[in-house]
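First the structure, in the form of structure tokens, and then the observations on it.
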Amino acid sequence: MQTYLKSRPIWIQLILFIGMAFGLFLVFTILGTFILTKLTGISLLQLQDVGKWDTNNPNMIFFIRGMLLTQFLGLFLIPSLLFGYFSDPSPAQYLGLKSPYSNIYWLLGITALLVSYPFVEYSGILNQKMAIGGDAQKWMKSMEEDAAKQIQFMLSKHTIKELVLNLIFISVFAGIGEELFFRGVLQRLFIKLTKSPWLGIIITAILFSGFHFQFFGFLPRLFLGVLLGVIYWYSGSLWTAILAHFLYDALVIVVIYLHPEMVKDPNTTLVNPAQLGIMALISIGLTSLVVWQMAKGSKSRYDLVYKDDDVSKDEFSF
């Protein structure tokens with residue numbers, strides 16, 4: 060009789076999943092870098108200084124997108140699917156790749172993410188004003204600037220072709236890959252570990268935000284992580300969170316496409332901070348209302364979701 064990973068203690072599952080993700084990502088990164096270097100003639104040394112990336116070199120953007128594909132496959136998609144396969148006789152069901160409890164959750168999930176946009180933007184402004192001081196802040200600022208330059212590089216070309224490619228390599232890859240990794244696997248494990256859906260969702264959201272290594276964008280990503288976790292939990296379907304994540308990122312990309320000045324200055328806002336503050340209050344109210352509506356009709360209960368996850372008495376047997 061086959062023993063699935065979901066019957067193992069949580070600490071074993073976490074170690075195996077993180078180890079699997081790290082190992083596969085390392086292999087894919089080595090192979091991907093080798094292949095991309097051969098195809099483009101660009102070495103990793105040329106990529107070290109983000110400020111010197113040549114936006115007119117098509118091989119440079121090809122290399123960057125190739126590395127995004129490598130990350131998507133090696134870190135997010137394949138480890139998550141493999142873990143689901145070894146965890147449950149129905150991997151898709153385990154990962155939440157099933158229909159929501161009701162079709163209304165498609166609309167509610169999308170609505171929740173879209174109406175949260177002003178609050179997310181305002182929390183980003185507040186996050187920017189947080190000061191730590193010393194070398195830590197300098198390091199964080201440097202990380203933030205490098206990340207901003209990478210995004211600026213990706214979004215620097217304003218053509219329909221580049222817009223479509225950015226939607227695929229940023230919105231689609233993040234929507235599918237990050238949701239499988241963080242919500243499909245990690246959130247499920249942390250909810251089981253804490254026996255609390257909300258606590259598991261928050262822990263996962265903290266990891267989700269921290270993963271991006273952008274301190275000055277930590278709060279908005281934390282809020283988005285919580286909201287995506289809530290959408291998944293209450294709808295019972297990871298597809299709703301994937302769609303919401305994709306549409307949110309797509310909205311940001313399209314807004315930047317329509318307002319190219321935002322590429323040169325990421326801190327640019329379409330409305331002044333005072334107006335945005337009022338919009339943020341309305342936004343959080345509407346978001347809470349949508350989440351309440353989702354919770355009211357949800358069938359998700361801890362005992363029902365984890366009823367088949369009996370822990371084996373022998374922690375080390377497989």
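Take any residue in the sequence shown, note its place counting from 1, add 59, and you have its number in my numbering.
Even for Gly, the Cβ is constructed at its ideal location relative to N, Cα and C.
If you're wondering where the values come from, they're calculated on a predicted model, not measured in any experiment.
Report the option in the options whose CA atom is closest to the CA atom of residue i.
i: S215; options: I312, D367 and F84; result: I312
i: L278; options: V289, F142 and I265; result: I265
i: L136; options: A333, I235 and Y160; result: I235
i: L302; options: L106, F267, I343 and L167; result: L167
i: N331; options: I77, P177 and H217; result: P177
i: V350; options: S102, V223, V174 and F275; result: V174
i: F228; options: L73, F249 and I210; result: I210
i: S55; options: L127, P148, A171 and G183; result: Outside the shown range of the chain, which is 60 to 377, sits residue 55, and nothing can be said about it.
i: S66; options: Y307, M126, G143 and D113; result: G143
i: N225; options: P159, V289 and L127; result: L127
i: S146; options: F93, P117, V244 and F122; result: V244
i: A333; options: G269, K355, Y181 and I94; result: Y181
i: K220; options: Y316, I74 and I94; result: Y316
i: H217; options: E320, L95, L75 and Q246; result: E320
i: S139; options: L106, Q72 and T96; result: Q72
i: L83; options: F122, L141, I94 and I163; result: L141
i: Y365; options: A309, L335, D308 and L252; result: L252
i: L98; options: G336, L239 and F122; result: F122
i: V223; options: M189, A309 and E238; result: A309
i: D368; options: I94, L239, P148 and L95; result: P148
Closer than 7 Å by C-beta to residue i: which residues in its own chain qualify, once you throw out the five before and the five after it? Chain order, please.
i: M60; result: Confidence in M60 is poor, its pLDDT being 48 and thus under 50, which makes the residue's placement unreliable; the coordinate value appears in the next sentence. Hits under 7 Å: none found.
i: I120; result: none
i: W112; result: M119 and F212
i: G276; result: G183 and N186
i: T88; result: T129 and G133
i: V285; result: I260, I261 and A264
i: S268; result: F277, R280, L281 and G284
i: S158; result: S296
i: I169; result: L302, A303 and L306
i: L103; result: T92
i: A354; result: Y293
What does a CB cutoff of less than 6 Å around residue i pick up in its chain, not counting 5 residues either side in sequence?
i: F131; result: F232 and G236
i: F377; result: Residue placement at F377 is poorly supported in this model, since its pLDDT is 46, which falls under 50; the coordinates are not used for a value here.
i: G100; result: none
i: I77; result: none
i: I262; result: F249
i: V314; result: none
i: L338; result: In the sequence as displayed, the identity of residue 338 is Met instead of Leu. Cβ neighbours of M338 beyond the five flanking positions: P177.
i: R124; result: F228
i: W70; result: none
Would you mind reading off the limits of the alpha helix (DSSP H) that contains residue i?
i: P150; result: P150 to Y153
i: N186; result: Y176 to K188
i: W112; result: From DSSP, W112 is part of no alpha helix (DSSP H); its letter is neither H nor E.
i: N116; result: Careful: N116 lies outside any alpha helix (DSSP H) and carries neither H nor E.
i: F267; result: P256 to F270
i: F93; result: I69 to T99
i: P279; result: F277 to S294
i: F228; result: Taken as a continuous stretch (DSSP letters only), F228 belongs to no alpha helix (DSSP H), as it is neither H nor E.
i: R247; result: R247 to T253
i: I341; result: P332 to G356
i: I312; result: L297 to L317
i: D362; result: Y361 to V364
i: P138; result: I137 to S146
i: Q105; result: L103 to L106
Leaving out the 5 sequence neighbours to the left and right, which residues in its chain are closer than 8 Å to residue i when beta-carbon positions are compared?
i: L363; result: none
i: I343; result: S175 and F178
i: R242; result: G155, T263, L287, G288, Y291, L297 and A300
i: I341; result: P177
i: M79; result: P138, L141 and F142
i: L335; result: P177, E180, Y181, I184 and T328
i: E238; result: L287, Y291, L297, A300, I301 and H304
Measuring only between beta-carbons, confirm whether residue i sits less than 9 Å from chain B.
i: F270; result: Among the chains in the structure shown there is no chain B, since it carries only a single protein chain.
Three-pair Cβ contact test at 8 Å for the segment 138 to 158 versus the segment 252 to 262: Remark: fewer than three beta-carbon pairs, one from each stretch, lie closer than 8 Å, so the segment 138 to 158 and the segment 252 to 262 are not flagged as touching.
Taking 8 Å as the cut-off, does the segment 357 to 365 touch the segment 286 to 294 (at least 3 CB pairs, one atom from each stretch)? Judged by Cβ distances under 8 Å, the segment 286 to 294 makes contact with the segment 357 to 365, as three or more pairs qualify.
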